[in-house]
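Report on one structure; see the data block that follows.
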């Protein structure tokens with residue numbers, strides 16, 4: 015995480031990232047790596063990380079992979095996303111590596127989440143780049 | 015939400031629900047309704063609720079719809095889930111209504127999230143009921 | 015199927031529909047119903063209908079539900095689709111009912127497939143309406 | 015496709031593969047490659063290959079990747095699958111490469127479809143291995 019300070023995002027760290035403990039550690043041309051450390055606050059009743067926390071990390075990683083290839087004044091939104099869970103997370107760092115699959119107005123992307131050298135989740139998402147004057 | 019106190023879950027309110035502000039307001043045979051009020055902590059850079067927060071609410075609603083039909087000693091896990099976002103959420107209450115589509119060891123389910131009388135997200139998920147002795 | 019002849023599509027029956035035996039039986043404002051009869055040619059090694067045949071019916075139903083709300087000169091394409099299988103199909107008619115979830119340039123939709131009064135598959139899809147001059 | 019004859023599947027070529035023109039060209043430990051040549055019968059109204067045909071190829075490729083790692087007497091079924099379309103297919107060979115993401119009773123898998131050196135579709139699926147005595 016030593017390179018973290020060099021990553022300049024076109025926005026301040028979002029409140030939801032602060033809440034969950036999500037941080038960007040790498041970002042280049044169509045790729046991003048974000049991490050989230052295990053914390054008890056992220057867990058569901060069995061003591062493992064809630065699927066929604068993993069999804070949030072995955073979705074955020076894709077957003078940053080896309081931010082890396084669009085002009086800074088463009089807005090982007092998640093159209094849809096699908097995630098498969100492969101193993102429970104009980105400790106350690108979750109690392110999400112996202113890459114875009116194609117450029118354009120509609121951007122399909124994929125993301126893998128690793129934890130202790132195991133693939134714990136994989137997702138595919140579709141993002142849309144909004145027109146500049148588009149109101150949310 | 016007047017009936018809320020009468021809902022007895024087979025587990026205490028999970029830490030991740032506390033973090034996001036998720037609460038169960040209805041639960042019966044294969045159905046559950048959970049709510050999450052808008053809060054600034056849930057937002058992404060455009061000031062709207064992060065897709066991961068909506069997904070977390072949706073996933074939690076499905077879990078409770080399934081809890082309503084399985085024996086209390088059974089464990090259940092999300093195999094996969096897919097969500098489509100239809101409109102941004104900027105205020106008010108998010109209400110997720112989940113229902114199971116079929117009983118069995120593999121349980122497919124769907125969930126709609128409403129906000130200000132608008133469908134803001136729709137998801138389909140697959141859950142699995144674990145054998146009692148299954149370690150996570 | 016008595017009303018079938020009254021349905022005027024903005025295109026001739028596609029070759030792929032002919033191949034699989036797909037027909038439109040209902041279409042109105044944001045809704046469509048398409049059917050496909052069981053046939054041995056649609057089966058996989060266990061003698062049940064191949065998941066791809068069910069998906070093809072579902073995707074086609076959504077396309078027609080969308081055709082019902084866009085101008086005839088517009089083109090539309092599937093961005094993505096996700097399907098859950100609930101029960102195997104061994105005989106009879108498969109009936110897919112599709113409806114759009116929102117209008118716009120990006121159209122999210124859902125579809126249920128029934129067979130012998132059982133829900134056998136459910137899908138959510140995202141379609142995009144192309145600009146008139148857009149080359150495929 | 016010179017190695018094709020050496021691939022021994024635990025079942026004869028399914029009718030639906032014959033209908034669409036799907037063939038296995040490679041299969042080893044958790045991996046399979048299947049192909050489908052462009053044909054006018056596979057097209058939708060714009061003259062491009064129907065999304066359902068691409069999905070069918072993708073789903074079939076995943077099935078064979080899984081067949082490569084389970085005992086021959088086991089049955090497997092698609093629980094769900096999600097596909098993203100990246101580019102239209104107007105000619106040539108569609109090549110689907112599938113790999114499993116994890117072994118077990120529930121098998122998550124992914125598949126890429128290439129056409130003319132372009133990624134035209136990507137899918138993630140979940141399969142289940144049935145108990146031997148399970149009736150479909």
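Chains as they are written, first to last, in the working numbering: chain H, 15 to 150; chain L, 15 to 150; chain R, 15 to 150; chain E, 15 to 150.
Beta carbons: idealized from backbone N, C-alpha and C, even for Gly.
Query raised in the report: Can you name the residues that DSSP bridges to residue 33 of chain R?
Result: Looking at the DSSP assignment, residue 33 of chain R forms no beta bridge with any residue, so it has no partner.
**Report entry** Inter-residue Cα distance where the pair is residue 75 of chain H and residue 122 of chain L
**Finding:** 27 Å
Report task. Check whether the stretch 34-46 of chain E touches the stretch 130-146 of chain L, counting contact only when three or more Cβ pairs, one atom from each stretch, lie closer than 8 Å. Result -> no
Requested in this report: Decide if the stretch 26-39 of chain E is in contact with the stretch 104-122 of chain R; the criterion is three or more beta carbon pairs, one per stretch, under 8 Å apart.
Outcome: no
Query - Residue nearest to residue 145 of chain H in terms of C-alpha spacing, selected from H:56, H:89, H:32 - result: H:89
**Report entry** Straight-line gap, residue 78 of chain E to residue 24 of chain E (C-alpha atoms, nearest Å)
**Finding:** 10 Å
Query raised in the report: Hey, how far is the Cα of residue 31 of chain H from the Cα of residue 66 of chain E?
Result: 38 Å
Requested in this report: Indicate the three-state DSSP secondary structure (helix, strand or coil) for residue 144 of chain L in the structure shown.
Outcome: strand
Query raised in the report: Along the chain, which unbroken stretches of the alpha helix (DSSP H) at least 4 residues long are found entirely within the stretch 41-98 of chain L?
Result: 65-81
Requested in this report: Quick one: grab the DSSP three-state call for residue 129 of chain R.
Outcome: strand
Query raised in the report: Relative to chain C, which residues along the stretch 108-132 of chain E have a C-beta separation below 8 Å, given in chain order?
Result: Here chain C cannot be found, since the structure's protein chains are H, L, R and E.
Query raised in the report: According to DSSP, which residues form a beta bridge with residue 38 of chain E?
Result: E:48
Query raised in the report: residue 69 of chain L and residue 103 of chain L: beta carbons closer than 8 Å?
Result: no
Query raised in the report: By Cβ distance, which residues of its chain are closer than 7 Å to residue 21 of chain R, with the 5 residues on each side in sequence left out?
Result: 38, 41
**Report entry** Residues of the stretch 75-94 of chain R whose Cβ lies closer than 9 Å to any Cβ of chain E, in chain order
**Finding:** 77, 89, 91, 92, 93, 94
Report task. Would you give the residue range spanned by the beta strand (DSSP E) that residue 113 of chain R belongs to? Result -> 107-114
Query raised in the report: What number of angstroms, rounded off, separates the C-alpha of residue 120 of chain E from the C-alpha of residue 143 of chain E?
Result: 7 Å
**Report entry** Cβ shell of residue 62 of chain E (< 8 Å), same chain only, five flanking positions each side left out
**Finding:** 102, 103, 104
Report task. Report the partner residues of residue 123 of chain H according to the DSSP bridge assignment. Result -> H:114, H:139
Query - Cβ-based burial, residue 131 of chain H [other Cβ within 10 Å; buried from 16] - result: exposed
Query raised in the report: Quick one: what does DSSP say residue 134 of chain E is sitting in, helix, strand or coil?
Result: strand
**Report entry** Distance between residue 87 of chain E and residue 127 of chain L (C-alpha atoms, nearest Å)
**Finding:** 43 Å
Query raised in the report: Since residue 94 of chain L and residue 129 of chain H are thought to touch, with beta carbons under 8 Å apart, how far apart are those beta carbons, to the nearest angstrom?
Result: That pair is no contact at about 17 Å.
Query raised in the report: Excluding the five sequence neighbours on either side, which residues of its own chain have a C-beta within less than 7 Å of the C-beta of residue 187 of chain L, listed in chain order?
Result: What the structure shows of chain L is the stretch from 15 to 150, and residue 187 of chain L is not part of that stretch, so it cannot be assessed.
Query raised in the report: Among R:71, R:55, R:118, R:47, which residue has its Cα nearest to the Cα of residue 84 of chain R?
Result: R:118
Query raised in the report: Using a C-beta to C-beta distance shorter than 8 Å, which residues of chain L count as neighbours of residue 151 of chain H?
Result: Chain H is shown only over 15 to 150; residue 151 of chain H falls outside these bounds and no answer can be derived.
Query - Candidates E:27, E:34, E:59, E:29, of which the one nearest residue 107 of chain E by Cα - result: E:34
Query raised in the report: Between the C-alpha atoms of residue 96 of chain L and residue 82 of chain L, what's the straight-line distance to the nearest angstrom?
Result: 22 Å
Requested in this report: Look at the alpha carbon of residue 148 of chain L and the alpha carbon of residue 91 of chain L, and state the distance between them as a whole number of angstroms.
Outcome: 11 Å
Query raised in the report: Is there a Cβ from chain H that is less than 8 Å from the Cβ of residue 100 of chain E?
Result: yes
Query - Alpha-carbon to alpha-carbon, residue 27 of chain E and residue 141 of chain R - result: 33 Å
Requested in this report: Step through the CB atoms of chain R and report whether any lies within less than 8 Å of the CB of residue 140 of chain L.
Outcome: yes
Requested in this report: Give a yes or no on whether the C-beta atoms belonging to residue 100 of chain R and residue 71 of chain R are separated by under 8 Å.
Outcome: no
Requested in this report: Taking residue 59 of chain H as the query, report the chain L residues whose CB atoms sit under 8 Å from its CB, ordered along the chain.
Outcome: 25, 26, 28
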